[in-house]
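*Asks:* Just so you know, the sequences run in chain order A, B and C.
In this text, residue positions in the first sequence follow numbering that gives the first Met the number 0: the first is 0, and each later residue adds one.
In this text, residue positions in the second sequence follow numbering that gives the first Met the number 0: the first is 0, and each later residue adds one.
In this text, residue positions in the third sequence follow numbering that gives the first Met the number 0: the first is 0, and each later residue adds one.
Glycine is no exception: its CB is placed at the ideal position from the N, C-alpha and C atoms.
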Amino acid sequence: MLSARNLDKSFGSLVVAQDVALELPKGARHALIGPNGAGKTTLINLLTGMLAPDSGTIVLDGADITHLKPYQRVHRGLTRTFQINTLFPRLSALESVTLAVLEREGAAHGWWRPLGGERAVIDEAAGILDSLKIPNRETRELAYGQQRLLEIALALATRPRVLLLDEPAAGVPKDESHALFSAIESLSDELTILFIEHDMNVVFRFASRIIVMVGGRILLEGTPEEVGRDPRVREVYLGSHARAA
Amino acid sequence: MLSSLAGVLFDGFAYGMLLFLLSVGLTVTLGMMNFVNLAHCSFAAVGGYCTVSVVNRLGWNFLAALPIAFAVGALVAVLLERTLFRRLYRRSDLDQCLFTIGIAFMSIAAFAWFYSTEPQSARVPSYLVGSFQLMGRNFVVYRLFLMLMGLAITAALVLALERTRFGAQVRAAVDNQRMARGLGIDVDRAFMITFALGGGLAALGGALAIEVIGLESTLPLSVILVYVLIVVAVGGLGSIRGSLVAAIVLGITDTAGKYYFPWLGAFLIYLVMVALLMWRPLGLFGKR
Amino acid sequence: MANAKFHPLEYAFWACTLLPFVLAPNYLSLASQIAITALFALSLDLILGYAGIVSLGHAAFFGVGAYAAGLIAKHYWTEPLSGMLVAAAAAGVLGYALSHIVVRFRHLALIMLTLGFGLLLAEAANSASDLTGGADGLQGFHVPGVLGFKFDMFGRTAYAYALAVLFVAFLVARRIIHSPFGLALRGIRENATRMPAIGAPSLAHLRKAYTMAAVMAGAAGAVLTHTTSTVSLEVLSFGRSADVLVMLILGGAGRLYGGLVGAIIYMVARDQFSGVNPQYWYFWIGLLLVAVVLLLPNGILGGLSALRKKPR
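(1) Going along chain C in order, which residues have a C-beta closer than 8 Å to the C-beta of L276(B)?
(2) For the stretch 52-98 of chain B, list the alpha helix (DSSP H) runs that are entirely contained and at least 4 residues long, ordered along the chain.
(3) Can you give the Cα-Cα distance for G274(C) and A268(C), rounded to whole angstroms?
(4) R240(B): which of G282(B), I184(B), V77(B), V271(B) sits nearest, CA to CA?
(5) When burial is assigned at 16 or more other CB atoms within 10 Å of the CB, is F5(C) buried or exposed?
(6) Tell me, to the nearest whole angstrom, how far the beta carbon of G199(B) is from that of A76(B); I am working on the premise that it is less than 8 Å.
(7) Going by CA-CA distance only, name the one from L276(B), G256(B), I268(B) that's closest to S3(B).
(8) Check whether the stretch 53-64 of chain B touches the stretch 128-141 of chain B, taking contact to mean three or more Cβ pairs, one atom from each stretch, closer than 8 Å.
(9) Identify every residue that forms a DSSP beta bridge with H29(A).
(10) Do you know whose CA, among Y95(C), V63(C), S98(C), lies nearest M83(C)'s CA?
(11) For the stretch 7-23 of chain B and the stretch 139-154 of chain B, state whether three or more C-beta atom pairs, one from each stretch, are separated by less than 8 Å.
(12) So which residues of chain C does D94(B) contact, with C-beta pairs closer than 7 Å?
(13) 8 Å is my cut-off, CB to CB: does A177(C) come that close to chain A?
(14) Measure the CB-CB distance between A20(A) and A37(A) and report whether it falls below 8 Å.
(15) Under 8 Å Cβ-Cβ, which residues of chain C neighbour V73(A)?
(16) Can you list, in chain order, the residues of the stretch 242-269 of chain C whose Cβ is nearer than 8 Å to any Cβ on chain B?
(17) Straight-line CA distance for H240(A) to D188(A)?
(18) For G301(C), which residues from the same chain have a beta carbon less than 6 Å from its beta carbon, with the 5 sequence-adjacent residues on both sides left out?
(19) Show which residues of chain D have a CB atom less than 9 Å away from the CB atom of L263(B).
(20) With DSSP as the reference, label D7(A) as helix, strand or coil.
(21) For the beta strand (DSSP E) containing V14(A), name the first residue and the last one.
(22) Does DSSP put L312(C) in a helix, in a strand, or in coil?
(23) What does V53(C) reach in chain B if we use C-beta pairs closer than 7 Å?
(24) Contact check, A161(C) vs S31(C) under 8 Å by CB: the rounded distance?
(25) Taking the DSSP output, what are the residues bridged to N137(B)?
(26) What's the C-alpha gap between D229(A) and M199(A)?
(27) Among the candidates E22(A), G11(A), L13(A), S12(A), whose CA atom is the shortest distance from the CA of N5(A)?
(28) On the DSSP bridge list, what partners appear for D165(A)?
(29) R173(C) by DSSP, collapsed to three states: which one?
(30) Could you work out which residues of chain B lie near L184(C), taking near to mean beta carbons separated by less than 9 Å?
(31) Any C-beta of chain C within less than 9 Å: which residues of the stretch 106-139 of chain A qualify?
(32) For N297(C), collect the residues of the same chain with a Cβ closer than 6 Å to its Cβ; drop the 5 residues on either side in sequence, then sort them by chain order.
(33) Under 9 Å Cβ-Cβ, which residues of chain C neighbour M32(B)?
(34) With a threshold of 6 Å on Cβ separation, who are the neighbours of G250(B) within its own chain once the five nearest residues in sequence on each side are excluded?
(35) Is the Cβ-Cβ distance between V211(A) and I32(A) less than 8 Å?
(36) Restricting to Cα atoms, I'd like to know which of V27(B), R90(B), A154(B) is closest to D174(B).
This is the structure we're talking about:
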């Protein structure tokens, strides 16, 4: 569904991505793990077009999207969420999701029609909010966990085929994370998902394959069992203590 | 033809040095704290008016008045920073713009109140007056003085930045404020001192500028402010080297424009600025 | 969803705009100036308050509209309504052209670019004195009236004209704000980073908003020309760009009425203060700016709405 080859990116002498290759088949549930600074978010930025690679190609469902702008990739079905809530503080939850739906439909150009008249769009947005149990309040008044859900709601409103989740559960307190996980669990099987996560419980719960990234390179990729057994992974995470243990 | 070019370059370079002195404080404080201080030229006016008082009312030598202007400018800068400006470091660009414009307006009123709206002048020592001959051309002595002062101060600044510990702290804070704090650098204190230095230099510039561009109560929000902003934006925030280059380019372009294409007026300057910013939006030497 | 119905206070506001006819007939020319400036401030609100573009050169469009209207009246025809439409369109064309550059920049570069464009245009108008009359201004034409009503020296027709144009433009602005496009603009203002991530072509939206604001500003400039039958370089000046910015912030950006309220307060105050001694004006407006930024960060309207929320 989504594949990337030979992705390279450096900032001067700082190499943030080196010869990165990625293959996400349709319906995948892949996790991307690695220590801080490994380049995981950078990879997502490269895939979505927020960052331009120095070299390499990205292909979505057979079409080369390497040179498409970020918003164009969203229209092709490639969407992401952000690790830190990147929401619209003074828009209500309904307005935010409605905006996403409008943009998807290309209907955000209309400046003479009243917004209230877009019933179909608003109903769809309300439906998304309902399914994720997000109350319709001003975004900055939502609880943190609800804001994380809104992050996902915004992504879902774009009707993605490939979804890149950047630490969806980051910072969510324990009592609010249940809603978040059931939301992720209920995501359609048709959806191809890659998510960055630090919490190994979450990773082992949701991922069918794990990609390990260190220092801008892919260290290895495999099933959770394979990765869990691999000594290199344990060394990366736990250091030499792992070998001694 | 060549000698008129030499004249234009000479005058332009001197003007550029003056603009540099007026701008360097702003670029460092902008680069360090991202604080947009549109009242910066008020410090220049403070220096100018201080010099006027010292020379005309106290009868002191112009050269002796310069360090006083610097000191007073630095003092006013620190006072403003400690009492008012520091409340706005987290506010938006626009808020800072408007706040400092308000301060500038108030300073204009204050200057007019104390000194009237008439253009002011300060007597310059006789050896700085007039012109000298070189290669069959007349060069204004004061412009040479400006250049030498500018170069001397630039050298002192560069030395201070590169060789002293305080300079290292300033460079660190401009580069990455959070990191600098994490390293234990007292960024607030460094900023206060930098702000003072910037204000002092602007005041010095204002004092030196009396002979060249005059002094009126509207200086804080005059076209000089626009030129200072152009120098800072084109040079790159936080880059002293950038300001120097931009100031010299601006000075020479302005002088050349007025000499060769007088009907264009300031059009050339603005065109060059727009073109340069479109090419390098972060300034020639900017990094963020 | 944003409330698109008219609030009772809005009816009251617009009713009050009719008061000068009755209560202050000697001040109708000032009232016209205020209405024109309010329209100009409204146009800036569209890009600053709703799309987040900080422009220090918005007078460029006001001035282009003013000069276009003047040139039309001088060389072609003096009917003001059609002249205004053409002048506004001219300003819009310039706005559209510049928008391609302006929307690509942020922070200081954006401020300096808008400032630069404004200054460039002012210098060009100054130099092109054959066309514009240069420092003397564009003169030698007279717009007799609008829709059969003469522009008399009491300024009644002028104020009615200015107020009518302001009101129509306001209704258009209101529709824009409450439309899907308006929501998109607010989205850009609230979080420009998120917009591309939901598939929004932000730059295209911003170009459209910038063009609309230019058209509106151009209309304001045209009305000024028609009601005074003269155009001076001042319409392109940095002073005008700066003044309208101050007015908008004073009233509160992003609240539709902020520019109107700010324009009224600023211009009435200036009229009262600068007569006595211009220096007093500088001091008080400076103090007002400082106070507003420190105490009323969302302008006067923001402060009022915060007060209303407090008892909850």
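*Replies:* In short:
(1) F104, A108, M111, L112, G115
(2) 61-82
(3) 10 Å
(4) G282(B)
(5) exposed
(6) 7 Å
(7) G256(B)
(8) no
(9) In the DSSP output, where bridge partners are listed per residue, H29(A) has L193(A), R208(A).
(10) Out of Y95(C), V63(C), S98(C), the CA that lies nearest to the CA of M83(C) is found in V63(C).
(11) Verdict: yes, contact present.
(12) V292, P296
(13) It should be pointed out that residue 177(C) corresponds to His in this sequence rather than to Ala. Judged by the 8 Å Cβ criterion, H177(C) is in contact with chain A.
(14) no
(15) P195, A196, I197, G198
(16) L244, V245, I248
(17) Annotation note: pLDDT 44 at H240(A) (below 50); position unreliable, coordinate value reported separately. For H240(A) and D188(A), the distance between alpha carbons rounds to 39 Å.
(18) Hits under 6 Å: G251.
(19) Going by chain labels, chain D is absent from the structure shown, which instead holds the protein chains A, B and C.
(20) Look at D7(A) here: in three-state DSSP terms it is strand.
(21) 13-23
(22) Any question about residue 312(C) goes unanswered here, given that chain C covers just 0 to 311.
(23) D92, L93
(24) 5 Å
(25) Q132(B)
(26) One C-alpha to the other measures close to 15 Å.
(27) E22(A)
(28) I195(A)
(29) helix
(30) The contact set of L184(C) on chain B, defined by CB atoms closer than 9 Å, is empty, because the minimum CB distance reaches about 17 Å.
(31) A106, A107, H108, G109, W110, W111, R112, P113, L114, G115, E117, V120, I121, T138
(32) G251
(33) Proximity of chain C to M32(B) at the Cβ level (cut-off 9 Å) is not reached, the minimal Cβ distance being about 13 Å.
(34) G11, Y14, G15, L18
(35) In this structure, V211(A) lies near I32(A), with their beta-carbon atoms less than 8 Å apart.
(36) V27(B)
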